[in-house]
Amino acid sequence: MVRYALVHSIRNAASLATTPSRSISRLPIIRPFSTSRILALEQQEGKQLLTIQPPLDIEYEDVEDHPKPLLERVRIVPDSQSYFSARPSFTDTFLGVEHLYLKWKVLPRTATPQDTHWTSYDEVRAMTGNEPVPEKRYREMIRMLKDLDNIEPVVMPTEVLRLIDEHKRAFQPNQVKPKVFLVDEWGRSLGVGKRKTSTAKAYLVMGEGEVLVNGKSLTEYFGRLHDRESALWALKITERIPKYNIFALVEGGGVTGQAEALTLAISRALLVHEPQLEHRLLEAGCLFRDPRKVERKKPGHLKARKMPAWVRR
1 MVRYALVHSI RNAASLATTP SRSISRLPII RPFSTSRILA LEQQEGKQLL
51 TIQPPLDIEY EDVEDHPKPL LERVRIVPDS QSYFSARPSF TDTFLGVEHL
101 YLKWKVLPRT ATPQDTHWTS YDEVRAMTGN EPVPEKRYRE MIRMLKDLDN
151 IEPVVMPTEV LRLIDEHKRA FQPNQVKPKV FLVDEWGRSL GVGKRKTSTA
201 KAYLVMGEGE VLVNGKSLTE YFGRLHDRES ALWALKITER IPKYNIFALV
251 EGGGVTGQAE ALTLAISRAL LVHEPQLEHR LLEAGCLFRD PRKVERKKPG
301 HLKARKMPAW VRR
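Following UniProt numbering, the numbering of the sequence shown begins with 1 at its first residue and continues without gaps.
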């Protein structure tokens, strides 16, 4: 029995030795990370030998000299980090103001704040393309601009001046000065006045007290004594009636409105000849325009405020 098993095992071993070996399937081509060459598979004597080729020699020091790939050259990159926010333009503006505010916070400030008029909320929205600008952020930006505007002029940085010029209004009401009238070559001074819808121009020249209004004498043009006194009130309180000749042009409104407009015109013309009379004219109220006007009539009213009588039935 043992002899039979031994013979059977020897025969099986001999059959395996004479059987040809199975063909080994070709492995897929392996691509290295450096896409320079392909690794080849070679079969030599029934064995698979993996031949690895070295990558190309790369000079890493000269990488910056090589041109960038086409994808990087044609890719559009936003010029602002706030491009994908809800309000990119205003955010860039706000961050620019905040940067200068923190940068120059240590500089000395003036004791009296500047009276600068800044761009309004609606103007800021129009400048940013109607972006949804929060009013709280707008007020915070104006507060920082006011603080930067109060820096001492001696140490004011140039970049802060440029920033202030960008955000302040082109028209500053506090810088508008009234037109100054001077005595011309004929010795005349000009004054302009208004009252309600009436306007008046008065020319004053040294003389004997003659007054012409639209080419007529004062008594002929103003029939009421009150209107004549009102027109010459500035000369009367300063006792200058017999010292000047007046040539006046009035238009619009009624007689009373024209007389009061002429009062303001004569006062301003007199101030050109004698500036020292300003205090007396101010006390008399001759240098202020009366802003009152006739109130308009409303629908359903008999006059501006008068209502029809209420009837029960």
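A virtual CB, placed ideally from N, CA and C, is assigned to each residue, including glycine. On a predicted model such as this, the values are computed, not experimentally measured, just so you know.
Is it the case that the Cβ atoms of Glu260 and Leu271 are separated by a distance below 8 Å? no
Extent of the continuous beta strand (DSSP E) run through Glu251: 244–251
Three-state class that DSSP yields for His117 in the structure shown: coil
According to the neighbour-count rule (16 or more other Cβ atoms, all chains shown, within 10 Å of its Cβ), is Val213 buried or exposed? buried
Ignore the nearest five residues each way along the sequence and tell me which others in Lys216's own chain have a CB closer than 8 Å to its CB. none
Three-state secondary structure (DSSP) of Gly191: strand
If you follow the beta strand (DSSP E) that Val213 is part of, which residue opens it and which one closes it? 211–213
Please confirm whether Arg280 and Ile237 have their CB atoms less than 8 Å apart. yes
Cα separation between His301 and Glu295? 12 Å
Taking all protein chains shown into account, decide if Asp122 is buried (16 or more other Cβ within 10 angstroms of its Cβ) or exposed. exposed
Out of Met206, Lys196, Pro134, Leu107, which has the shortest C-alpha to C-alpha gap to Pro153? Leu107
Just how far apart, CA to CA, sit Gly193 and Glu208? 23 Å
Tell me which residues share the same chain as Phe181 and place their Cβ nearer than 8 Å to its Cβ, disregarding the 5 neighbours each side in the sequence. Ser189, Leu190, Gly191, Arg268, Ala269, Val272
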